[in-house]
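Same order as they appear, the protein sequences are chains A and B. The numbering of the first sequence is numbering that gives the first Met the number 0, which starts it at 0 and goes up by one. The numbering of the second sequence is numbering that gives the first Met the number 0, which starts it at 0 and goes up by one. Where a beta carbon is used, it is the ideal one built from N, C-alpha and C, also for glycine. What follows is a set of notes on a single structure, which appears directly below.
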Amino acid sequence: MAAVSQSAMTAEPSVASPKMTARDLNLSYGDNQALFDVNLDIVERQVTALIGPSGCGKSTFLRCMNRMNDTIDGVTIKGEVTLDGRDIYDKRIDVVQLRARIGMVFQKPNPFPKTIYDNVAYGPRIHGLVNSRDELDQIVMTSLERAGLLKEVKDRLQSPATGLSGGQQQRLCIARAVAVSPEVILMDEPCSALDPIATAKVEELIDELRSNYTIVIVTHSMQQAARVSQRTAFFHLGKLVEVGETDQIFTNPKDERTKGYITGRFG
Amino acid sequence: MTDMASLMEDRAAAKVISDNLHKPVDWDSPKIARNIKKRYAAERRFKFYGLAAIGVALLALFVLAGSIGSKGYTAFFQTYVQLEITFDQDAIDPDRTGDPAVIGKANFDGLIKQALRERFPQVTGRQEKRDLYSIVSGGASYDLRERVMENPGLIGQTRKVWLISGDDFDMLNKGYISADVEEGNRRLNDEEIAWYDALKSDGAVEKQFHTRFFTNGDSREPELAGIWGAAVGSLYTLMVTLALSFPIGVLAAVYLEEFAPKNRFTQIVEVNINNLAAVPSIVFGLLGLEVYLNVMHLPRSAPVVGGLTLALMTLPTIIIASRAAIKAVPPSIRQAALGLGASPVQTVTHHVLPLAMPGILTGTIIGMAQALGETAPLLMIGMVAFIVDIPGGALDPATVLPVQIYLWADSPERAFVEKTSAAIMVLLAFLVLMNGLAVYLRKKFERKW
Numbered sequence: 000m001a002a003v004s005q006s007a008m009t010a011e012p013s014v015a016s017p018k019m020t021a022r023d024l025n026l027s028y029g030d031n032q033a034l035f036d037v038n039l040d041i042v043e044r045q046v047t048a049l050i051g052p053s054g055c056g057k058s059t060f061l062r063c064m065n066r067m068n069d070t071i072d073g074v075t076i077k078g079e080v081t082l083d084g085r086d087i088y089d090k091r092i093d094v095v096q097l098r099a100r101i102g103m104v105f106q107k108p109n110p111f112p113k114t115i116y117d118n119v120a121y122g123p124r125i126h127g128l129v130n131s132r133d134e135l136d137q138i139v140m141t142s143l144e145r146a147g148l149l150k151e152v153k154d155r156l157q158s159p160a161t162g163l164s165g166g167q168q169q170r171l172c173i174a175r176a177v178a179v180s181p182e183v184i185l186m187d188e189p190c191s192a193l194d195p196i197a198t199a200k201v202e203e204l205i206d207e208l209r210s211n212y213t214i215v216i217v218t219h220s221m222q223q224a225a226r227v228s229q230r231t232a233f234f235h236l237g238k239l240v241e242v243g244e245t246d247q248i249f250t251n252p253k254d255e256r257t258k259g260y261i262t263g264r265f266g
Numbered sequence: 000m001t002d003m004a005s006l007m008e009d010r011a012a013a014k015v016i017s018d019n020l021h022k023p024v025d026w027d028s029p030k031i032a033r034n035i036k037k038r039y040a041a042e043r044r045f046k047f048y049g050l051a052a053i054g055v056a057l058l059a060l061f062v063l064a065g066s067i068g069s070k071g072y073t074a075f076f077q078t079y080v081q082l083e084i085t086f087d088q089d090a091i092d093p094d095r096t097g098d099p100a101v102i103g104k105a106n107f108d109g110l111i112k113q114a115l116r117e118r119f120p121q122v123t124g125r126q127e128k129r130d131l132y133s134i135v136s137g138g139a140s141y142d143l144r145e146r147v148m149e150n151p152g153l154i155g156q157t158r159k160v161w162l163i164s165g166d167d168f169d170m171l172n173k174g175y176i177s178a179d180v181e182e183g184n185r186r187l188n189d190e191e192i193a194w195y196d197a198l199k200s201d202g203a204v205e206k207q208f209h210t211r212f213f214t215n216g217d218s219r220e221p222e223l224a225g226i227w228g229a230a231v232g233s234l235y236t237l238m239v240t241l242a243l244s245f246p247i248g249v250l251a252a253v254y255l256e257e258f259a260p261k262n263r264f265t266q267i268v269e270v271n272i273n274n275l276a277a278v279p280s281i282v283f284g285l286l287g288l289e290v291y292l293n294v295m296h297l298p299r300s301a302p303v304v305g306g307l308t309l310a311l312m313t314l315p316t317i318i319i320a321s322r323a324a325i326k327a328v329p330p331s332i333r334q335a336a337l338g339l340g341a342s343p344v345q346t347v348t349h350h351v352l353p354l355a356m357p358g359i360l361t362g363t364i365i366g367m368a369q370a371l372g373e374t375a376p377l378l379m380i381g382m383v384a385f386i387v388d389i390p391g392g393a394l395d396p397a398t399v400l401p402v403q404i405y406l407w408a409d410s411p412e413r414a415f416v417e418k419t420s421a422a423i424m425v426l427l428a429f430l431v432l433m434n435g436l437a438v439y440l441r442k443k444f445e446r447k448w
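As structure tokens, then:
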């Protein structure tokens, strides 16, 4: 299988001045290794899509990027992940601040059982980003606006967030993440629980957010990856198989496995 | 490319299996019909079992409540006797000082005895007189004294006054002592029954609502014994228990559930907390006796010691209930908070605890209700003492409701039988109240969306 390692080598993901990088990242849950020597660069103000069959490690990799895996028992991580050139697994890095800089949106919409306003205001409040009620109102409004939700909810900011539809809830979660002004937003299959119309709205939103934020999105839908991302990384069995411009990955993949996956032969 | 090849093979194998499985089923065959009938029968049977179980439980509840209620309700009423009392100036305040100190020391008991003698002038013998005096309770003289202290104008007048009767007289009036029984086998002799009949025909005997039962402490005289001392003792004890076991229990649950690493040590701690919940309560009583009384020299019979002992007993209940409530909070909420950069402590205090609070409170109140009904450990630390005074604080000697029930159930006087049932009713009322509070708090803290 010399060809495999060959193609993995050619997929060496180096770009000039990346926002985030992963170098030789290995991760195991107990004895079960989930990531093998992942090397990946994330370009600033672009959408990077992580694709691959279920259990390939793409979500695990995503969760390494804001140290969400720290909360799981028995995880060992080797290698390096950097944000602006600094290792985020460095002992001097404050995880709480790191997670404020790298926001996250989850697979299932998970608003807090509070009001719409309080959901968005929670992040700025705990990080002490505002000095007055007016400032907080401003942040909540802009965040909802950015998440394309303001028009739908501006008359019921004080009603429970769980009363929103699934798509609205997911956009609220995006607004909530945006409210702390993160530099990077990680999205873990944000549309998998949504219907096509809500999905279209979220995708449109992702495209707009790209001008301000660096976005990494895990998705099962290759069409979605093709639609929203500029760069695509294909994972298989815990290894990063290939990464490159989205157009190139979908039209001219270098690796046989990538080709097999995107043409629907397995996965 | 072996992994890809094997994937394709798996797919082919799965197709073969599903093709074999797809045989048409005859849904109208007798076998299927039998199966449906059997299923319906099983469902009907199950429904019947469930209804029968509920019926048995309700029956048991009604029998319990009925027997206690029918025995105990009479304790809420007390027989009073009307006598014509002469508030004799010479007997109360011979020097006409009008000084409350002098009036307070007067022999009111003598006034009552005199009134009884006047009512039944035929009584002369020593023993007969003693029997006569027992118609009125020893506590009546205090009532009389209070009445005169409040209204000194009574002195020198003659008034008809309702006085609390003695316990035997009360029992006779309530029908617990029958005149048909042979004289030697009953508490009251024929003469006493004749006095009762005479008073009764005068309209000088009546039952009044027994407020003393709710305001007095314990007493050797059943008609003067009340539940309030024990209720206050229970209150102080539970306050100490709650103040200790709630914060400790919740903190332990939060730590074990949210922060503790899952290793052998925490596993041992977990197993032991579960074991602790199964330890018989008397063992906690012995522990309390040894540690709090013998080593720490805390006051005997005090609610503070009772509370400390019951806190040990309640802790595992609260920890187990709180852990279950915390575990039931969806992990997505924690992830959302952590993903926003909330610290683990913020995640717990802002999101997990508020969502777990209904469950935690329910568990706490169940633990408290258990502690309220607990007797055995309190016997070990001396809360079984006969205490007349209403405790003024957690350090005063006191007893608690279930121990009071135990004490009264143990007393020989006939009148304590109804007191025991009445005390049980009071205890049950407290328990119902606490469970009501649990339901209310659960509803209040539950997120309604």
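Judged by DSSP secondary structure, tyrosine 28 of chain A falls within the beta strand (DSSP E) whose first and last residues are 19-28.
Residue burial annotation: histidine 21 of chain B is exposed, with fewer than 16 other C-beta atoms found within 10 angstroms of its C-beta. For leucine 204 of chain A, DSSP assigns no beta-bridge partner whatsoever. Within chain B, the residues whose beta carbon sits less than 9 Å from that of phenylalanine 105 of chain A are Ser331, Gln334, Ala335 and Gly338, listed in sequence order. Within chain A, Asp72 have C-beta atoms less than 7 Å from the C-beta of lysine 261 of chain B, given in sequence order. When the five nearest sequence neighbours on each side are left out, the beta carbons in the same chain lying within less than 8 Å of the beta carbon of threonine 157 of chain B are those of Glu83, Ile84, Thr85 and Phe86, in order along the chain.
Assignment of beta-bridge partners to glutamate 8 of chain B by DSSP yields no partner. Interface flag for glutamine 345 of chain B against chain A is set, since a Cβ pair is found closer than 8 Å. In the displayed model, aspartate 217 of chain B falls within coil according to three-state DSSP, outside both helix and strand. Membership of glutamate 181 of chain B in any alpha helix (DSSP H) is not indicated, and neither H nor E is assigned to it by DSSP. Within chain A, not a single residue places a beta-carbon under 9 Å from that of serine 321 of chain B; the smallest gap is close to 19 Å. For serine 220 of chain A, the closest of A:Arg66, A:Gly162, A:Thr141 and A:Ala48 by C-alpha to C-alpha distance is A:Ala48. In this structure, the alpha-carbon of methionine 140 of chain A lies about 12 Å from that of leucine 171 of chain A. If you check each beta-carbon in the region 360-391 of chain B against every beta-carbon of chain A, none falls closer than 9 Å.
For tyrosine 291 of chain B, the number of other beta carbons within 10 angstroms of its own is at least 16, and it is reported as buried. The three-state secondary structure of leucine 39 of chain A, taken from DSSP, is strand. One alpha carbon belongs to histidine 350 of chain B, the other to threonine 59 of chain A, and they sit about 25 Å apart. Listed by position along chain B, the residues whose Cβ is nearer than 7 Å to that of tyrosine 88 of chain A form an empty set, because the closest Cβ is around 16 Å away. Scanning chain B for C-beta atoms nearer than 8 Å to the C-beta of phenylalanine 111 of chain A yields Ile332, Ala335, Ala336 and His350, reported in chain order.
When secondary structure is reduced to three states using DSSP, valine 328 of chain B falls in the coil class, being assigned neither helix nor strand. Taking the CA atoms as reference points, serine 218 of chain B sits about 43 Å from asparagine 271 of chain B. Comparing alpha carbon positions, the residue from A:Arg256, A:Leu239 and A:Pro252 closest to lysine 57 of chain A is A:Leu239.
With contacts defined as CB atoms closer than 8 Å, leucine 314 of chain B and glycine 216 of chain B fail to qualify as a contacting pair. Identification of chain B residues near glutamine 247 of chain A by a Cβ-Cβ cut-off of 7 Å yields none; the smallest Cβ-Cβ distance measures about 21 Å.
Taking CB atoms only, valine 95 of chain A has a neighbour in chain B less than 8 Å away.
When the Cα atoms are used, lysine 113 of chain A and proline 159 of chain A turn out to be separated by approximately 6 Å. Every alpha helix (DSSP H) stretch that sits fully inside the region 156-223 of chain A and reaches 4 residues is listed by chain position as 165-177 and 195-208. In the DSSP assignment, isoleucine 163 of chain B is bridged to B:Tyr79.
Of the other Cβ atoms in all chains shown, fewer than 16 fall within 10 Å of the Cβ of glycine 202 of chain B; this residue is therefore exposed. Closer than 8 Å to the CB of leucine 354 of chain B there is at least one CB belonging to chain A.
Residue environment for leucine 288 of chain B: buried (at least 16 other C-beta atoms within 10 angstroms of its C-beta).
Bounds of the alpha helix (DSSP H) holding glycine 54 of chain B are 29-71. The beta carbon of alanine 99 of chain A sits closer than 8 Å to some beta carbon of chain B.
Apart from sequence neighbours up to five positions away, the residues of its chain that approach alanine 33 of chain A with a beta-carbon distance below 7 Å are Leu26, Ser27, Gly56, Thr59 and Gly237, ordered along the chain.
For isoleucine 214 of chain A against valine 46 of chain A, the beta-carbon gap comes to about 5 Å, under 8 Å, which counts as contact. With 16 or more other Cβ atoms from the protein chains shown falling within 10 Å of its own Cβ, serine 300 of chain B counts as buried.
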